[in-house]
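Take 1 as the starting number for the sequence shown in this note's numbering and just add one per residue. In what follows, a single structure is set out as structure tokens and then discussed.
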Amino acid sequence: MTQLIDGKAIALQIRQELKIEVDKLIFSGKPVPGLAVILVGENPASQAYVGSKIKACEELGFLSVSERYPETITEEFLLERISLLNQRSDIHGILVQMPLPKHISEKKVIEAIDYRKDVDGFHPVNVGKLVIGEPGFVPCTPAGIMVLLERSGNLPDGKHVVVVGRSNIVGKPIANLLVQKSKLANATVTICHTGTPDIAKFTREADIVIAAAGKPNAITGDMIKDGCVLIDVGINRIPDSSAKSGYRLVGDAHFESCAPKCKAITPVPGGVGPMTIAMLMKNTFSGATGQFFY
Ligand code: NAD
1 MTQLIDGKAI ALQIRQELKI EVDKLIFSGK PVPGLAVILV GENPASQAYV
51 GSKIKACEEL GFLSVSERYP ETITEEFLLE RISLLNQRSD IHGILVQMPL
101 PKHISEKKVI EAIDYRKDVD GFHPVNVGKL VIGEPGFVPC TPAGIMVLLE
151 RSGNLPDGKH VVVVGRSNIV GKPIANLLVQ KSKLANATVT ICHTGTPDIA
201 KFTREADIVI AAAGKPNAIT GDMIKDGCVL IDVGINRIPD SSAKSGYRLV
251 GDAHFESCAP KCKAITPVPG GVGPMTIAML MKNTFSGATG QFFY
């Protein structure tokens, strides 16, 4: 029987555990963790993500500040807003929702956030810490994948993991987490990407496949071996006239052909997705307390 890894249930566990820690913090008279989220423009997916992040803060009793601006704002204005949030002692995490309008440099924005408040883990200082295995902010989705592997009983220790995708948000950080010398990592890692001529050659050898290509059906059943663990990070909207919204969400793996061959698989939705916000809350808690879990 294939194990369906329930990201919703594991994310709920994480949030419940965190709630206990937050209550202890408040009881001891320490300031509540504070998260500031900046949204530029009207992208519906980004609006939904920001809404979920604010709601998660409220549920945990965090302070949350959301700043919403039209896409016509200048880069200078946005950098100034970040600088003000950097100075606020009640704000421990700052997140600028990506993507940004083309006239604003994502690199400049990421580097403008104080690395001690960089709850997305995108600042070069935190990227460096992750690579050398020092405590720091780890990007939320890769951190969530590590927790899913651990809590579903599919530890990567000694396994061959093939990561499909090399973005700075998912592919590269998850590969770096997995190779760390730790009992929760310690994997042999291969990264495949658009420059890999024959991806199936690698995925067929994998004990664990992490699909983060952002392409529906990038992984099909014939590309994996029996007994493999498949973590599907992809969130792709495909047109569906039977759905009220006119679309439905699918992952990067062709679920019907992959699931029967897998020892364990994450569904989309309900797999990696819910973990991302749970880990953002953990990162905000880390920003407030200085206690890092990586
Ligand atoms: P991205 O577009 O920045 O990167 C995709 C990477 O995959 C690139 O490095 C590219 O080289 C590689 N790639 C593209 N097509 C490929 C193919 N056919 N074969 C092999 N490699 C290929 O995307 P991202 O930000 O890394 O996100 C990847 C997917 O994960 C997207 O669907 C995104 O929506 C989803 N995502 C989900 C969460 C979550 O919370 N579950 C969070 C972040 C991203």
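Think of the CB as a built atom: it goes at the ideal place given N, C-alpha and C, for glycine as much as any other residue.
Ordered along the chain, which non-local residues of its own chain (more than five positions away) have a Cβ less than 7 angstroms from that of residue i?
i    : result
N217 : H254
A175 : V163, V189, I191
L18  : L60, M281, K282, F285
What does a CB cutoff of less than 6 angstroms around residue i pick up in its chain, not counting 5 residues either side in sequence?
i    : result
V22  : L60, G61
G251 : D232, G234, V268
E75  : I104
G93  : L35, K117, V119, T284, G287
F292 : P135, S286
Measuring CA to CA, which of the options is closest to residue i?
i    : options                : result
D90  : L35, G41, V109, G221   : L35
T284 : D118, A112, I169       : D118
E256 : T220, A200, K181, V161 : T220
V209 : C262, A185, E71, K181  : C262
N86  : A112, A213, V131       : A112
E58  : F202, L78, V32         : V32
L148 : P99, R116, I10         : I10
Contact defined as beta carbons within less than 8 angstroms: I believe residue i pairs with residue j. What is the distance between those atoms, to the nearest angstrom?
i    : j    : result
F122 : P135 : Their Cβ separation, rounded to whole angstroms, is 17 angstroms, which puts F122 and P135 out of contact at 8 angstroms.
K225 : R204 : 6 angstroms
V109 : V96  : 5 angstroms
A187 : K215 : 24 angstroms between Cβ atoms; not a contact.
A206 : G165 : Not really, about 14 angstroms apart at Cβ, beyond 8 angstroms.
P101 : E150 : Actually they are not in contact, since the Cβ atoms of P101 and E150 sit about 38 angstroms apart, beyond 8 angstroms.
According to the neighbour-count rule (16 or more other Cβ atoms, all chains shown, within 10 Å of its Cβ), is residue i buried or exposed?
i    : result
S28  : exposed
K301 : For residue 301 there is no data in the structure shown, the boundaries of the chain being 1 and 294.
T320 : Within the shown structure, residues of the chain are numbered from 1 to 294, placing residue 320 beyond reach of any answer.
F137 : buried
S83  : exposed
R81  : buried
Using a Cβ-Cβ cutoff of less than 8 angstroms, which residues in the same chain neighbour residue i once the five nearest sequence positions on both sides are dropped?
i    : result
A264 : T2, Q3, L4, I5, S152, N154, V229, L230
E67  : A36, V37, I38, L39, R81
Every unbroken alpha helix (DSSP H) within the stretch 52-135, with a cutoff of 4 residues, ordered by chain: 75-87, 106-112, 124-132
Segments assigned alpha helix (DSSP H), at least 4 residues, entirely inside the stretch 140-193: 140-151, 171-178
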